[in-house]
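Numbering follows my numbering, with no gaps: position 153 of the sequence shown is 153.
Heads up, the beta-carbon is just placed ideally off N, CA and C, and yes, glycines get one too.
What you are looking at is a predicted structure, and each value in this text was computed from that prediction instead of being measured.
These notes concern the structure reproduced below.
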Amino acid sequence: MKKALYIIIAVLSMASTVSIMAKGGEELAQKMYVFGVSTSFNDSTVFFTEIMELEGAWVESKTGFIVGRDNYSYQLRDHLESKGYPKRTCIFISGKNLKDVTKKYDKLKSRYVKKGGSDILLIDKSEFTFKPIAAIQGTSQETQAEMPKSKGKKKREKQNKAPAGK
Numbered sequence: 001m002k003k004a005l006y007i008i009i010a011v012l013s014m015a016s017t018v019s020i021m022a023k024g025g026e027e028l029a030q031k032m033y034v035f036g037v038s039t040s041f042n043d044s045t046v047f048f049t050e051i052m053e054l055e056g057a058w059v060e061s062k063t064g065f066i067v068g069r070d071n072y073s074y075q076l077r078d079h080l081e082s083k084g085y086p087k088r089t090c091i092f093i094s095g096k097n098l099k100d101v102t103k104k105y106d107k108l109k110s111r112y113v114k115k116g117g118s119d120i121l122l123i124d125k126s127e128f129t130f131k132p133i134a135a136i137q138g139t140s141q142e143t144q145a146e147m148p149k150s151k152g153k154k155k156r157e158k159q160n161k162a163p164a165g166k
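Set out below in structure tokens:
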């Protein structure tokens, strides 16, 4: 009887562990407020996107951070490269509360104004908007096509294409 009880407890605990692992700790956020900033060491121009609503973003349940934050900053970097501003450092800032995000936006913008010597340019929503990134990569072909490649993948591809013998 005790043996059967232990087996039942073990099976139940394994089942709950598997379901927790399958979930991944990520949830779909109803609405997030986001903006991006781009700077360069070679240029005095600082780009700010407008604060925008992002729907369909996945959020880590424990930390509240958006999943794939680096991919969002790559979206801004790639947009600016297409406009003729290469090799820029881009950051992506997000939050669930518009008031908090606006406070971060104003604080960051005031740093560049106070410091002086920087040209601050605003990127309009009609020109650029962030696109949601799926939480689980490889679930559909559309998701893979939309996701920018990370720097590590690009370097590996270059190394694989390098001519042999040198």
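Contact with chain B by residue i, beta-carbon distance below 9 Å
i, result
"Tyr112", "No chain B appears in the structure shown, which is made up of a single protein chain."
Backbone secondary structure at residue i - three-state DSSP
i, result
"Thr39", "strand"
"Glu127", "coil"
"Glu50", "coil"
Close Cβ partners of residue i (< 8 Å) along its chain, the five nearest in sequence each way excluded
i, result
"Gly85", "Note on residue identity: the sequence assigns Tyr, not Gly, to residue 85. Contacts found: Ser38, Ser40, Asp43, Thr45 and Phe47."
Neighbourhood of residue i by C-beta, 7 Å cutoff - its chain only, sequence neighbours within 5 removed
i, result
"Asp124", "Glu50"
"Tyr105", "Phe35 and Ile51"
Proximity of residue i and residue j at Cβ, strictly below 9 Å
i, j, result
"Ser94", "Tyr33", "yes"
"Asp78", "Phe92", "no"
Contact test: residue i Cβ vs the ligand COA heavy atom, cutoff 8 Å
i, result
"Asp70", "You won't find the ligand COA in this model; it holds no ligand whatsoever."
Residues that DSSP places opposite residue i in a beta bridge
i, result
"Thr89", "Thr39"
"Glu27", "Val59"
"Thr45", "Asp119"
"Glu66", "Checking the displayed sequence, the identity of residue 66 turns out to be Ile instead of Glu. According to DSSP, Ile66 bridges with Val59."
"Gly95", "Tyr33"
Contacting residues, own chain, Cβ-Cβ under 6 Å from residue i (five flanking each side not counted)
i, result
"Ala29", "Ala57 and Val59"
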